[in-house]
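> Quick one: the structure is below, questions incoming.
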Amino acid sequence: MPALPALKGVFFITGTDTEVGKTWVSCRLLERAREAGLSCYGLKPVAAGCEDTEEGLRNDDAVNLMAASSVQLPYDVVNPVALKAAIAPHIAAQQEGRRITLAQLAGYVRGAISSHPADLILVEGAGGWRVPLNDREMLAGLAMELSLPVIQVVGMKLGCINHAILTAEAIQADGLRYTGTVANCFGDMDVREENLLTLRQHLPGAFTVI
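Here our numbering is used: the first residue of the sequence shown is 1355, the next is one more, and so on.
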């Protein structure tokens, strides 16, 4: 696997879709930061698909982020909004009689960052860039509210070129800095190298293949 950069700062992690490896990439970035002697942790402000445990609802993505972090935070700080059903967050919240707002999520993230400063902090989204939180707000608004630079994880599979380019355009149209792309090569893909070359040509910022 090519070496990932040892980043510093606060970044928002998004993806071309769900199940493209956002958490896996985030954990590798956190591990790289730890190897470089940096303090780091990941946040999963909202997670759908949580299991009942003796400690309460727990999400695998959030648990994995905690394991990869050098700064150990309480689960409720890492994942303040835990939803049981593994479906779109706004629908899962509706089923539980809850309403998620950007103001709530921004408050949670700001509180974590101010109370627990670190060299690298990753704020991982849910699904892709245009995921609704409620009938008016999108999760992308969290990155906008906090003015966070964005890293996109591209799941290397058929259709990824269109998804990746559209996502990058949307991020930039929202006024945010597109820091770079991590191409996650899971499984087999026909003409993968040709797809990677196309993505390199059309996406801004740094480009890493893992």
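Every residue gets a Cβ at the ideal spot worked out from N, C-alpha and C, and that includes glycine.
For clarity, every value in this text was computed on a predicted model and none was experimentally measured.
1. Could you tell me the alpha carbon to alpha carbon distance between A1390 and G1534, rounded to whole angstroms?
2. Which residue's Cα is closest to the Cα of A1472: S1424, K1438 and C1381?
3. What's the gap between the Cα of M1355 and the Cα of L1383?
4. In the DSSP assignment, what are the bridge partners of P1486?
5. Taking the straight line between their C-alpha atoms, what separation do you get for N1516 and L1397?
6. Quick one: is A1402 buried, meaning 16 or more other Cβ sit within 10 Å of its Cβ, or exposed?
7. Mapping DSSP to helix, strand and coil, what is T1533?
8. For I1441, which residues of its own chain have a beta-carbon under 7 Å away from its beta-carbon, when the five flanking residues on both sides are left out?
9. Quick one: measure Cβ to Cβ for V1507 and G1369, integer angstroms, because I've assumed they're closer than 8 Å.
10. Could you tell me the boundaries of the alpha helix (DSSP H) in which G1396 lies?
11. Can you tell which of I1454, Y1532 and P1443 has its C-alpha closest to the C-alpha of G1559?
12. Spell out the partners DSSP gives Q1506 in its beta bridges.
13. Give me, in chain order, the residues of the same chain whose beta-carbon lies closer than 6 Å to that of A1446; leave out the 5 immediate sequence neighbours on both sides.
14. Grab me the residues of R1554's own chain with a C-beta within less than 7 Å of its C-beta, minus the 5 sequence neighbours each way, in chain order.
15. Using only CA atoms, which one of L1459, L1493, V1435 and L1500 lies nearest to E1450?
16. Straight-line CA distance for V1364 to R1452?
On the basis of the coordinates in this document:
1. 20 Å
2. S1424
3. Any reading at M1355 must be qualified, since the residue scores a pLDDT of 49, below 50, and its modelled position is unreliable; the value itself is stated next. Their Cα atoms are separated by approximately 13 Å.
4. M1492
5. 28 Å
6. buried
7. strand
8. A1402
9. 4 Å
10. Per DSSP, G1396 belongs to no alpha helix (DSSP H); it is in the beta strand (DSSP E), C1394 to L1397.
11. Y1532
12. T1368 and T1535
13. A1402, L1437 and A1439
14. F1561
15. V1435
16. 28 Å
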